[in-house]
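The numbering used here numbers the first residue of the sequence shown as 11 and each following residue consecutively.
Encoded as structure tokens, the structure appears first; notes follow it.
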Amino acid sequence: MRFINFDKIRTKRNKMTQKIRWGIVGLGNIAEKFAQDLSVVKDTELVSVASRSREKAEKFASKYNVKNAYDSYTSLFHCTEVDVIYIATPHTLHAELSIEAMSCGKHILCEKPMAVNASQLKRMIAAAVKNKVFLMEALWSRFLPSIIQTKVLIGNNTIGAVTHMNVDFAFYGMDRPATGRVLNPNLAGGSLLDIGIYPVFLAYLILGKPKNILASANFHSTGIEKQISVIFNYDNAQALLYSGLTSNSEVKAEITGDKGSIILEPRWHHTENLVLNTQGQTERMVVPKLGLGYAHEILEVNACIRSGKLESSLWSHQNSLDLINLLDDIRKISGIVFPFEA
Ligand SMILES: NC(=O)c1ccc[n+]([C@@H]2O[C@H](COP(=O)([O-])OP(=O)(O)OC[C@H]3O[C@@H](n4cnc5c(N)ncnc54)[C@H](OP(=O)(O)O)[C@@H]3O)[C@@H](O)[C@H]2O)c1
Numbered sequence: 011m012r013f014i015n016f017d018k019i020r021t022k023r024n025k026m027t028q029k030i031r032w033g034i035v036g037l038g039n040i041a042e043k044f045a046q047d048l049s050v051v052k053d054t055e056l057v058s059v060a061s062r063s064r065e066k067a068e069k070f071a072s073k074y075n076v077k078n079a080y081d082s083y084t085s086l087f088h089c090t091e092v093d094v095i096y097i098a099t100p101h102t103l104h105a106e107l108s109i110e111a112m113s114c115g116k117h118i119l120c121e122k123p124m125a126v127n128a129s130q131l132k133r134m135i136a137a138a139v140k141n142k143v144f145l146m147e148a149l150w151s152r153f154l155p156s157i158i159q160t161k162v163l164i165g166n167n168t169i170g171a172v173t174h175m176n177v178d179f180a181f182y183g184m185d186r187p188a189t190g191r192v193l194n195p196n197l198a199g200g201s202l203l204d205i206g207i208y209p210v211f212l213a214y215l216i217l218g219k220p221k222n223i224l225a226s227a228n229f230h231s232t233g234i235e236k237q238i239s240v241i242f243n244y245d246n247a248q249a250l251l252y253s254g255l256t257s258n259s260e261v262k263a264e265i266t267g268d269k270g271s272i273i274l275e276p277r278w279h280h281t282e283n284l285v286l287n288t289q290g291q292t293e294r295m296v297v298p299k300l301g302l303g304y305a306h307e308i309l310e311v312n313a314c315i316r317s318g319k320l321e322s323s324l325w326s327h328q329n330s331l332d333l334i335n336l337l338d339d340i341r342k343i344s345g346i347v348f349p350f351e352a
């Protein structure tokens, strides 16, 4: 078993001592995990949080030892002690909140999908350019050591030319409240933008934009798409992608080339375990992550801000645009329309 250690990279980054001061808006499920990972990154401080509820903001602030708790998102956008804001609300609020915060001069890390469609995303990028602030989609998997190692292996031709990918991400979500963000079409619910974005991202990262796309979805009574199968067709490869809310799935990614294969073990989007099959040999690799895995995107944001970069070279504005364009195309083909877009 090979043990791949990325500690050297972390040490180099952590030598930069200027403290980056973070704020979080929308104190739900992912905000909790993100706050935990902020605490494992050196020279980083969570200084402000904002919720629509004062009580919730104060509870969160006391749990994570945060100085400022606001009961309005706008108050946090004007907080002079904050450098960068993490937007952790449902998808439908990402664009407007990010644009408002950027107009106050704040750098932004915005949860995925960064916007609900390409036209929203273009407005966000324009706002980042106009206000000369950093903007990045919180596509945490892109920064994980196991995904970086996968890219290195493929770049080194270890498995030859990639001809096939099979990637899934599904969980049972049909028991969620109909008004919650997963099943509610008014909050851009459905599996595709919530979790299907990960298989689409991996196919794009490894194979680029497809020549054509096939997609078919089933719908729930609330109007959201509850499961979707997608084929990305390339000249010499096909990627089979699945997401759904109707059952649990393995959440595994298999990438096959003409000389071997790489399996990203469950749950692949934040895995530490790769299996490399080449020439009849199987090698297991352990690629550790920091914290829950969100620490790697935090390190990337901190490093970009410290060096004055306005976008990440690992996950650029163009990468986010390509991804949302693919999701828009899939939605068009499979008939997924949100009420606010109709
Ligand atoms: N990277 C990942 O691993 C990951 C995992 C899960 C989710 N996400 C993404 O993160 C975002 C949030 O997901 P989540 O699971 O954290 O959702 P969640 O638990 O529902 O929390 C979202 C928060 O947004 C705020 N909010 C503002 N307007 C709202 C509205 N109309 N309805 C509901 N909440 C509203 C609420 O915070 P206040 O009440 O404090 O204002 C709420 O707690 C989504 O875009 C999702 O795609 C990413």
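Just so you know, even glycine gets a beta-carbon here, dropped at the ideal spot from N, CA and C.
Note that the coordinates shown come from a computational prediction; the quantities given were computed from them, not determined experimentally.
Pairing valine 51 with threonine 232, the inter-Cα distance amounts to about 41 angstroms. In this structure, ligand 1 has a non-hydrogen atom nearer than 7 angstroms to the beta-carbon of threonine 99. Per the coordinates, the alpha-carbon of threonine 281 lies some 8 angstroms from the alpha-carbon of leucine 154. Taking the Cα of leucine 251 as reference, the smallest distance to any Cα among Ser271, Phe229, Ser201, Leu103 is reached at Ser201. Counting other Cβ atoms within 10 Å of its Cβ, lysine 236 reaches 16 or more and is therefore classed as buried. Between cysteine 120 and serine 108, the CB-CB gap stays under 8 angstroms. Under a 10 Å Cβ-count criterion, threonine 292 is classified as exposed, with fewer than 16 other Cβ atoms of the shown protein chains found around its own Cβ. Beta-bridge partners assigned by DSSP to glutamate 235: Phe229. Under the three-state reduction of DSSP output, serine 271 falls in the strand class. In the displayed model, glycine 33 falls within a strand according to three-state DSSP. DSSP places isoleucine 95 within a strand segment (E or B) once states are collapsed to three.
Bounds of the alpha helix (DSSP H) holding serine 72 are 64-73.
For arginine 12, the secondary structure class from DSSP, reduced to helix, strand or coil, is strand. Within the segment 145-172, the runs of alpha helix (DSSP H) at least 4 residues long that lie entirely inside it are, in chain order, 155-165. Below 8 angstroms, enough C-beta pairs join the segment 60-75 and the segment 37-51 to call them touching: three or more.
Nearest in C-alpha terms to threonine 99, of all of Tyr83, Asn312, Asp93, is Tyr83. Within the DSSP bridge table, the entry for cysteine 120 names Ile97, Glu147 as partners. Judged by DSSP in its simplified three-state form, isoleucine 265 adopts strand. DSSP, read as helix, strand or coil, puts aspartate 204 in helix.
In the displayed model, alanine 198 falls within coil according to three-state DSSP, outside both helix and strand. About 7 angstroms separates the Cβ atoms of leucine 86 and isoleucine 95, confirming a contact at the 8 angstroms cut-off. Tryptophan 32 has its CB no nearer than 7 angstroms to any heavy atom of ligand 1.
Using a Cβ distance threshold of 8 angstroms, aspartate 178 and serine 259 count as a contacting pair. Beta-bridge partners of leucine 284 (DSSP): Leu274, Met295.
If you check the CB distance, alanine 41 and leucine 56 do not come in under 8 angstroms. Counting along the chain, the unbroken beta strand (DSSP E) around serine 58 starts and ends at 54-60. Around the beta carbon of threonine 189, a 10 Å sphere encloses fewer than 16 other beta carbons of the protein chains shown; the residue is thus reported as exposed. In this structure, aspartate 93 has its CB at a distance of at least 7 angstroms from all heavy atoms of ligand 1.
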